[in-house]
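S.K.: Quick one: this structure, given as structure tokens, is what I'll be asking you about.
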Amino acid sequence: MFVHKDAPDTYGWTKHVALKNLPFTIVDDPIIRSAIRYKVMDRATLLKRMVALVGVVYTNSAEELAGEKFALVFDGLTDSAGYAIAYFAATKQGLRMVSWGGPKSKFIDTKWIPATSEAVERFFSTVKSTVGYMRKSMSQENLEVIIFLKLNWDIVTLADVSKAIQESRSNTDAEQE
């Protein structure tokens, strides 16, 4: 199967952001660019491709797991209250995490919450994991993209990234029309 010519570079940048907790602005830093072999890409392009990649991975997982039996698993590691729910599917290749969630937040539903707010502090103290210095300012949507890719990175392939690049380009073209 052929992949898009930018797929390896997008895969690499995405891996740095999702797995190494580096900010999206890493692609704009000339010092980082000189030290890393990936092609130049701006953060808006990387973000669009990462959002599209979430859609591709989610769709691929749904197609692969169609008709499989699911089990409810309570995650006691990240939350001592025991209300974080994760959905897994048992396949021939083993267990696969499909999604995770919990009850609706008791905090105000906003598009962006300041990094120093009480809601953010409670979130990071509950999860027991911070997303590095990106915490200064990050939208809820971007955080969800990073967490989803971090948890599902083992099923991301170059073919998925290639498809995400194509989808992000077609979405951009549709917005311009």
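Going by my numbering, the first residue of the sequence shown is number 5, and it counts up by one from there.
In this text, a Cβ means the ideal position worked out from N, Cα and C, and glycines have one as well.
Under 8 Å, with one C-beta from each stretch per pair, do the segment 151 to 161 and the segment 9 to 29 reach the 3-pair mark?
M.R.: In short, these stretches touch, since the Cβ pair count reaches three.
S.K.: Pull up the distance between the alpha-carbon of Leu41 and that of Ser65, whole angstroms please.
M.R.: Correcting the residue type first, residue 41 is Arg in the shown sequence and not Leu. Their backbone Cα atoms lie some 31 Å apart in a straight line.
S.K.: With DSSP as the reference, label Thr29 as helix, strand or coil.
M.R.: Reduced to three states, the DSSP call for Thr29 is helix.
S.K.: Which one of Phe28, Phe6, Val61 and Thr63 has the shortest CA to CA distance from Asn146?
M.R.: Ranking the options by Cα distance to Asn146, first place goes to Phe28.
S.K.: Just how far apart, CA to CA, sit Ser38 and Val44?
M.R.: The alpha-carbon atoms of Ser38 and Val44 are separated by roughly 10 Å.
S.K.: Using only alpha-carbon positions, find the residue among Arg173, Ser174 and Asp164 that is nearest to Leu57.
M.R.: Taking only the C-alpha atoms, the option nearest Leu57 is Asp164.
S.K.: With Asp13 as the anchor, note down where its alpha helix (DSSP H) starts and where it stops.
M.R.: Segment Ala11 to Leu23, the alpha helix (DSSP H) holding Asp13.
S.K.: Confirm, please, whether the CB-CB distance from Gln144 to His2 is below 8 Å.
M.R.: Because the chain spans 5 through 181 in this model, residue 2 falls outside it and cannot be assessed.
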